[in-house]
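Novice:
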Amino acid sequence: AQSVTQLGSHVSVSEGALVLLRCNYSSSVPPYLFWYVQYPNQGLQLLLKYTSAATLVKGINGFEAEFKKSETSFHLTKPSAHMRDAAEYFCAVSLSNDYKLSFGAGTTVTVRA
Amino acid sequence: GAVVSQHPSWVICKSGTSVKIECRSLDFQATTMFWYRQFPKQSLMLMATSNEGSKATYEQGVEKDKFLINHASLTLSTLTVTSAHPEDSSFYICSARVRTSGRAELTDTQYFGPGTRLTVL
């Protein structure tokens, strides 16, 4: 079975500062990894995904994530935070053959002016 | 991208009634649709996997007779909460996996609907 752990349930950053959200995964086979963002009372929007191609993945809204097999990590970063980045972020993992997603607990990002 | 809609966006019902939630893929055919529920301040929990033309597969602990899923076409899946009770109040979210696409960025990915807020009085 696969799972993900998101370190830190809440991250607060200043506008313009680096955003770093941590995600570690557990999988018996090479995983597919995803980051999704959720705004209040809305569904999830895909930020980026890793599916065994390039280890550094660029997504929407200036986010990127790096797959590190040796560290079983898939941390999400953005060089400069905007107020609109305030939201809930979920890391998720799936196996290629069933596409079921297992989600982390989520990290709430707040951005200070 | 791929767009998924849900209807209704919110519903309030009395205890004991049934509620149907629709999930549609608007600009693609979905091989598989998934149903999740999310409690406040919590993550998404997969309830069931729905394939067009076949019975849904439910996750452990999810009552299939209470949460009826019908996947009538490659673009529509419905979730019916039967005899709803206050503890069924939650945010229900569906997702759909793209069937086939010439755009690699769309495959192997679930696209989520906007969610349905169910409140049972």
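Taken in sequence, the protein lines are chains A and B.
For the first sequence, our numbering begins at 177 and goes up steadily by one.
For the second sequence, our numbering begins at 4 and goes up steadily by one.
Yeah, the Cβ is synthetic: ideal placement off N, Cα and C, and Gly gets one too.
What you are looking at is a predicted structure, and each value in this text was computed from that prediction instead of being measured.
Closer than 6 Å by C-beta to A:L277: which residues in its own chain qualify, once you throw out the five before and the five after it? Chain order, please.
Specialist: Closer than 6 Å at Cβ, skipping near neighbours: A268 and S270.
Novice: Checking 8 Å against the spacing of the C-beta atoms, do A:G184 and A:A257 come in under that value?
Specialist: Taking 8 Å as the Cβ cut-off, A:G184 and A:A257 do not qualify as a contacting pair.
Novice: Beta-carbon of A:Q218 versus every beta-carbon of chain B: anything under 8 Å?
Specialist: It does: the Cβ of A:Q218 has a partner Cβ on chain B nearer than 8 Å.
Novice: Using a Cβ cut-off of 7 Å, pull out every chain B residue sitting near A:K234, in sequence order please.
Specialist: None at all; the shortest Cβ gap to chain B is about 11 Å.
Novice: B:G118 CB to nearest chain A CB: under 8 Å?
Specialist: Output row for B:G118: interface = yes.
Novice: What does the alpha-carbon distance come out to for the pair A:T286 and B:S57?
Specialist: Whole-angstrom Cα-Cα distance: 43 Å.
Novice: Extract the residue ranges of the beta strand (DSSP E) inside the region 194-242 of chain A, only unbroken runs of 3 or more that lie entirely within it.
Specialist: Runs found: 195-202, 208-214, 220-226 and 232-234.
Novice: Terminal residues of the continuous beta strand (DSSP E) containing A:Q182?
Specialist: Counting along the chain, the beta strand (DSSP E) containing A:Q182 begins and ends at S179 to L183.
Novice: Check B:E3 in the structure and name its three-state DSSP category.
Specialist: There is simply no residue 3 of chain B to check, as chain B begins at 4 and stops at 124 in what is shown.
Novice: Quick one: what's got a C-beta closer than 7 Å to A:Y215's C-beta in the same chain, skipping five residues either side?
Specialist: Counting only Cβ-Cβ distances below 7 Å, and skipping sequence neighbours, we find A263.
Novice: Measuring only between beta-carbons, confirm whether B:L77 sits less than 8 Å from chain A.
Specialist: Answer no: the Cβ-Cβ gap between B:L77 and chain A never drops below 8 Å.
Novice: Is B:R113 near B:F37, with beta carbons less than 8 Å apart?
Specialist: For the record, residue 113 of chain B in the displayed sequence is Gln; it is not Arg. For B:Q113 and B:F37, yes; Cβs fall inside 8 Å.
Novice: Could you check which residue in A:F250, A:T283 and A:Y275 has the C-alpha nearest to that of A:V233?
Specialist: When each option's Cα is compared against that of A:V233, the closest is A:F250.
Novice: Just to confirm, is the Cβ distance from A:L196 to A:Y265 under 8 Å?
Specialist: No, Cβ-Cβ distance for A:L196 and A:Y265 is not below 8 Å.
Novice: Shorter than 8 Å from the beta carbon of B:L49 to some beta carbon of chain A?
Specialist: Yes, B:L49 counts as interfacial toward chain A.
Novice: Select from B:E90, B:H74 and B:S8 the residue whose C-alpha is nearest the C-alpha of B:C16.
Specialist: Of B:E90, B:H74 and B:S8, the residue nearest in Cα terms is B:E90.
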